[in-house]
Each structure stands twice: as C-alpha cells, then as structure tokens.
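Participant: Input: one structure, supplied below.
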Amino acid sequence: MGEVCQYPIVFVHGVFGWGSDEGIDKKIPYWGATTGSLTDYLNGQGYVCYSASVGPINSAWDRACELYARLTGTVVDYGKAHAEKANHRRFGRKYDTPLVSGWGSVRKIHLIGHSFGGNTIRLLVHLLTYGDPEEQAATQDGTLSALFTGGKEDWVQSIVTICAPHNGTCAIGMMHQYRIMAPAKAVVYNYAGLVGRTPAQGGVVDFHMEQYGLSCTPGKKDSLPLGEAKRQIHSHTDCLEYDLSPEGAAQWNTYIRMNPKVYYFSYCYNAIDPVKSTKQRPVSRADTALLKVTSSAMFRYGKSIGNTACCNDGLVNVQSACCPAGAPHRNFDAGCIEPGIWNVMPMRKGDHGTPIGLHADREQTRQMYLEMLQMLHGTE
Numbered sequence: 000m001g002e003v004c005q006y007p008i009v010f011v012h013g014v015f016g017w018g019s020d021e022g023i024d025k026k027i028p029y030w031g032a033t034t035g036s037l038t039d040y041l042n043g044q045g046y047v048c049y050s051a052s053v054g055p056i057n058s059a060w061d062r063a064c065e066l067y068a069r070l071t072g073t074v075v076d077y078g079k080a081h082a083e084k085a086n087h088r089r090f091g092r093k094y095d096t097p098l099v100s101g102w103g104s105v106r107k108i109h110l111i112g113h114s115f116g117g118n119t120i121r122l123l124v125h126l127l128t129y130g131d132p133e134e135q136a137a138t139q140d141g142t143l144s145a146l147f148t149g150g151k152e153d154w155v156q157s158i159v160t161i162c163a164p165h166n167g168t169c170a171i172g173m174m175h176q177y178r179i180m181a182p183a184k185a186v187v188y189n190y191a192g193l194v195g196r197t198p199a200q201g202g203v204v205d206f207h208m209e210q211y212g213l214s215c216t217p218g219k220k221d222s223l224p225l226g227e228a229k230r231q232i233h234s235h236t237d238c239l240e241y242d243l244s245p246e247g248a249a250q251w252n253t254y255i256r257m258n259p260k261v262y263y264f265s266y267c268y269n270a271i272d273p274v275k276s277t278k279q280r281p282v283s284r285a286d287t288a289l290l291k292v293t294s295s296a297m298f299r300y301g302k303s304i305g306n307t308a309c310c311n312d313g314l315v316n317v318q319s320a321c322c323p324a325g326a327p328h329r330n331f332d333a334g335c336i337e338p339g340i341w342n343v344m345p346m347r348k349g350d351h352g353t354p355i356g357l358h359a360d361r362e363q364t365r366q367m368y369l370e371m372l373q374m375l376h377g378t379e
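Per numbering that gives the first Met the number 0, the very first residue in the sequence shown carries number 0; after that it's consecutive.
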C-alpha cells in the first residue's frame, strides 16, 4: 500500500442509514455491512476515517445542517428562513465535541457519501463555499450560523458520491403509480415517531427528527403529538420524497454550485443485464432479493414512460448516479484529474448495497476503497 491521505475521510450514509453514533452500527456497520466495519479496517491501514450520523429520512437541507453541526461540535441550526418556511424548529441537538477536531482550511476533509449521502455532501460543500443569501437576509440579530456565511471554500478537499440520486430516482414515480407511496410514508413516519419516543432513540437508532417533534431530542422529552408532527412534515416540500423526485432534484441542481477548488468523483452501479434484458423481461443481477425485484420493476417502469436510460442499481438510475444534469463532467482519466468538474468513474456491476459491502465480497469491497483513497491522496 502507498502513502495514506493526510486529511481525514468522513463517510456519510444514505436513506434509512446510520453512522457510528448509533448503537446499531456496532452490531451492523452501515459502511461494510456484511463484510465487517469498513472504517475500522481503513483506520487499521493508517487512514483517519469517521462515519457521520445524520437524519436517515430527513431532507437534503436538514441533513447538511446536521452534518455541519456534527463535524464542528455545535448546535444544529437549520436556519431561520428555512425553519419558518418548513414550519419546524430552527435549532436541534447540541454536539459537545466535533467529529473532526481542527477541521478548517489547514486540516481539510475528504467526504464520501453513499446514496442520499452524496446529495447531502454536495449541498454541504455549496453552503460552506457560498453560504445562503436568504438566511443571511433573514438573520440580522447576530445568530446566523457560520454554515450560511460562506467563505469556507478551502475546507473540503474532495467529495465522492456513490450511487447518489443526483437527478432523483424513477422509483418515486413508480411508487406513486403503484399507489404504495402513501402507505410507505405512513409506516415510516409512524415507526420513527413511536421509536423516537422510547429509550432506543439516540442510542440504538436515531431519526434526528426533533425539528418536527416527530422524535425526541436525545436527553429530552420534547416530541409533539404524533399526528401534529406528521401534518407538519406532509405540509411542504422539505422532505425526503420531494428531494428524491426528479422535480425536487432538478430544483436542487439549479441551486447547488460546484466549488472550483474541490475534486468531484462519482461511482455508479448497474444491477440490470443490458444484453439479456428486454422490455418484457428485465434480468437483474442484484445480490439482494428485494433489490432484484425493485431493479426489474424500475426498468419496466422506465420503459413504460419512454425513458431509454432504464439501467439502475435497484434504487437509483445509473444516469442519475453519474452526475447532476448540466454539470461539467468527463469520464475518469487517472492522468488528468482536475477540481471543479465531475470525474465519472467506470460503471460497476452490482446493486445499491454492493459498494457498502451488503452481500458483497469482502476483499473486493476493501480493495475498492483502498484504491479510492489512494486516488484521493493523489489530489492532496
């Protein structure tokens, strides 16, 4: 193995995921899954790796605010303007210690996000770099979060997105077509609300939805009545469903700008066999039984609406995972890696869980990340 990265690496989970703050991660690590803890392995190889925890079913904005607070060891501030628009609390939990001590322009970080974690880190880098004019205008009392001031364009060295729905996912449209979106949301929010009022919240699992009062802030009993909290979530677009839809993703893509100093990389996986698949009978190569079903269903749904780019990993379309629509990009070339442009890695075989080690080969999973971190080291 060559030299290791001089900057820490922060891993950010996707939807329904978790980080090292949750007790479940000790039993079932999100990063590594059935192959064992990936961060423990990489730390053993000399790297400095962290697995951050953010809201598993929160919007991209809320997750970015939570990630910033976790990294810096501060109070989660969702922003005055945003909180008023979303009709939820402005402040969340307080972190007593930073996840990455000394984080700044001297000690930068590499960010790696799987699935919706990729959208989260894109937004975080934008806010660090450019801030948010709406929050600046709305907060004239000296309480503006440093996240919204911008001017931190040197705090992140690179971002790597893996199976990220940059342009949304057709799975959202498919769920609406088959009328399973409403019952799915009811199950998810009821479960989060009920568990969020038990001692398991903040220990075993953590839904980070205290801004809505759906779950309690760790150490407090501050949840709202379940029905009231759910009505607030359903009353606007500050939610996971909207951000994962093509319409919501397109809106974020017009807002988020790239940082010309940051190196951008994207990985996409395909679970559909493009040779054997037909309109009538798509053939899935997914390793997980559920993703075999969803990948084939997404392929058929895409064909039914005239989408010619139907290959997917079971949850995210390949085309969406490559890069945001309209963003500068090119196929990865090891001899010509530059910041400020998406370096699209070659498409890999596998499903949405493959890159995090779910039902995957241990050595192949670890080797992929060792090669990835050597690439990131080359940008330093």
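In this text, a Cβ means the ideal position worked out from N, Cα and C, and glycines have one as well. It should be emphasised that the depicted structure is a prediction, and the values quoted were computed from it without experimental measurement.
So who's on the other strand from N330, going by DSSP bridges?
Facilitator: Here residue 330 refers to the residue found at position 331 of the sequence shown. According to DSSP, N330 bridges with V343.
Participant: Can you list the alpha helix (DSSP H) stretches of 4 or more residues lying completely in the stretch 95-152, in chain order?
Facilitator: 115-129, 132-137
Participant: Return yes when the Cβ of A51 is within less than 8 Å of the Cβ of L98, no when it is not.
Facilitator: Numbered from 1 along the sequence shown, position 99 holds the residue referred to as residue 98. Numbered from 1 along the sequence shown, position 52 holds the residue referred to as residue 51. Cβ distance < 8 Å, so L98 and A51 count as in contact.
Participant: What are the start and end residues of the beta strand (DSSP E) that includes V11?
Facilitator: Here the question's residue 11 lines up with position 12 in the sequence shown. Segment 8-11, the beta strand (DSSP E) holding V11.
Participant: Would you list the residues sitting across from F264 in a DSSP beta bridge?
Facilitator: Within the sequence shown, numbered from 1, the residue matching residue 264 stands at position 265. The partner list for F264 (beta bridge, DSSP) reads V159, N342.
Participant: Quick one: what's got a C-beta closer than 6 Å to A248's C-beta in the same chain, skipping five residues either side?
Facilitator: Residue numbering aside, residue 248 sits at position 249 when the sequence shown is read from its first letter. Excluding residues within five positions, the ones whose Cβ falls inside 6 Å are N166, G167.
Participant: Does the Cβ-Cβ distance between R62 and V75 come in under 8 Å?
Facilitator: Position 63 of the sequence shown, counted from the first residue, corresponds to residue 62. Position 76 of the sequence shown, counted from the first residue, corresponds to residue 75. No, Cβ-Cβ distance for R62 and V75 is not below 8 Å.
Participant: Between which two residues does the beta strand (DSSP E) holding C48 run?
Facilitator: Your numbering for residue 48 matches position 49 in the sequence shown. For C48, the enclosing beta strand (DSSP E) starts and ends at 48-51.
Participant: Helix or strand or just coil, what does DSSP make of Q210?
Facilitator: Translated into positions along the sequence shown, residue 210 becomes position 211. Correct three-state label for Q210: coil.
Participant: Less than 8 Å between the C-beta atoms of S58 and A163, yes or no?
Facilitator: Stepping through the sequence shown from its first residue, residue 58 is reached at position 59. Stepping through the sequence shown from its first residue, residue 163 is reached at position 164. Not a contact, by the Cβ cut-off of 8 Å.
Participant: In its own chain, which residues sit with a C-beta less than 7 Å from the C-beta of V14, not counting the 5 before and 5 after it?
Facilitator: Counting from 1 along the sequence shown, the entry for residue 14 is found at position 15. Closer than 7 Å at Cβ, skipping near neighbours: P55, I56, S114, F115, L239.
Participant: Quick one: what's got a C-beta closer than 6 Å to E209's C-beta in the same chain, skipping five residues either side?
Facilitator: As a first step, residue 209 must be located in the sequence shown, where it is residue number 210. Contacts found: G91, T216.
Participant: Any chance the stretch 155-162 sits against the stretch 120-137, with 3 or more Cβ pairs inside 8 Å?
Facilitator: yes
Participant: Starting from G91 and walking both ways along the beta strand (DSSP E), at which residues does that stretch end?
Facilitator: For the purposes of this step, residue 91 is taken as residue 92 along the sequence shown, with counting starting at 1. Counting along the chain, the beta strand (DSSP E) containing G91 begins and ends at 90-93.
Participant: Round the Cβ separation of E2 and H376 to the nearest angstrom and send it over; I've been treating them as touching at under 8 Å.
Facilitator: Taking the first residue of the sequence shown as 1, we reach residue 2 at position 3. Taking the first residue of the sequence shown as 1, we reach residue 376 at position 377. Indeed they touch by this definition, with Cβ atoms about 6 Å apart.
Participant: Could you check whether H358 and D286 sit closer than 8 Å to each other, using their CB atoms as the reference points?
Facilitator: On the sequence shown, position 287 is the one that residue 286 refers to. On the sequence shown, position 359 is the one that residue 358 refers to. The answer is yes: Cβ separation under 8 Å.
Participant: Assign C4 to one of two classes, buried (16 or more other C-beta atoms within 10 Å of its C-beta) or exposed (fewer than that).
Facilitator: Here residue 4 refers to the residue found at position 5 of the sequence shown. With at least 16 other beta carbons inside 10 angstroms of its own, C4 counts as buried.
Participant: So, at 6 Å on beta carbons, what are the nonlocal neighbours of L41 in its own chain, with the 5 sequence-adjacent residues on each side left out?
Facilitator: As a first step, residue 41 is located in the sequence shown; it is residue number 42 there, counting from the start. Excluding sequence neighbours, L41 sits near C48.
Participant: Per DSSP, K348 is paired with what?
Facilitator: Within the sequence shown, numbered from 1, the residue matching residue 348 stands at position 349. K348 is bridged to N269.
Participant: Are the CB atoms of F331 and M346 within a distance shorter than 8 Å?
Facilitator: Taking the sequence shown and counting its residues from 1, one reaches residue 346 at position 347. Taking the sequence shown and counting its residues from 1, one reaches residue 331 at position 332. Between M346 and F331, the CB-CB gap reaches or exceeds 8 Å.
Participant: Please find out if some non-hydrogen atom of the ligand ZN comes closer than 7 Å to the beta-carbon of I255.
Facilitator: For the ligand ZN, the structure offers nothing, since it holds no ligand at all.
Participant: Excluding the 5 residues flanking P259 on each side, which residues of the same chain have their C-beta closer than 7 Å to its C-beta?
Facilitator: Along the sequence shown, read from residue 1 onward, the residue named residue 259 stands at position 260. Closer than 7 Å at Cβ, skipping near neighbours: P338, G339.
Participant: Check whether the stretch 133-151 and the stretch 297-307 touch, using three or more Cβ-Cβ pairs below 8 Å as the test.
Facilitator: no
Participant: Measure the Cβ-Cβ separation of V317 and N269 and say whether it is below 8 Å.
Facilitator: By one-based count along the sequence shown, residue 317 stands at place 318. By one-based count along the sequence shown, residue 269 stands at place 270. Yes, these two residues count as a Cβ contact at 8 Å.
Participant: To test your reading of the DSSP string, which unbroken alpha helix (DSSP H) runs of 4 or more residues are found completely within the stretch 177-254?
Facilitator: 180-194, 225-233, 239-243, 245-254
Participant: By the three-class DSSP mapping on this structure, what secondary structure does D76 have?
Facilitator: Residue mapping note: residue 76 aligns to position 77 of the sequence shown, counting from 1. Strand at D76.
Participant: With V9 and L127 assumed to form a contact (beta carbons below 8 Å), what rounded beta-carbon distance in angstroms separates them?
Facilitator: On the sequence shown, residue 9 is found 10 positions in, with the first residue counted as 1. On the sequence shown, residue 127 is found 128 positions in, with the first residue counted as 1. That pair is no contact at about 13 Å.
Participant: Okay, do the stretch 22-41 and the stretch 175-185 touch, 3+ Cβ pairs below 8 Å being the bar?
Facilitator: Using a C-beta cut-off of 8 Å, the stretch 22-41 makes no contact with the stretch 175-185, since fewer than three inter-stretch Cβ pairs fall below that distance.
Participant: Just how far apart, CA to CA, sit A170 and Y190?
Facilitator: Locating residue 170 in the sequence shown gives position 171, where the first residue counts as 1. Locating residue 190 in the sequence shown gives position 191, where the first residue counts as 1. Taking the straight line from one Cα to the other gives about 22 Å.
Participant: Taking Cβ positions, are R89 and G78 nearer each other than 8 Å?
Facilitator: Here the question's residue 89 lines up with position 90 in the sequence shown. Here the question's residue 78 lines up with position 79 in the sequence shown. Result yes, Cβ atoms of R89 and G78 sit closer than 8 Å.
Participant: DSSP beta-bridge partners for G18?
Facilitator: Walking along the sequence shown from the start, residue 18 turns up at place 19. None, per the DSSP bridge assignment.
Participant: Helix, strand or coil, according to DSSP, for S36 in the structure here?
Facilitator: Translated into positions along the sequence shown, residue 36 becomes position 37. S36: coil per DSSP, three-state reduction.
Participant: State buried or exposed for G195, treating a residue as buried only when at least 16 other CB atoms are found within 10 Å of its CB.
Facilitator: Taking the sequence shown and counting its residues from 1, the one referred to as residue 195 is at position 196. The residue in question, G195, is buried, as its Cβ has 16 or more Cβ neighbours within 10 Å.
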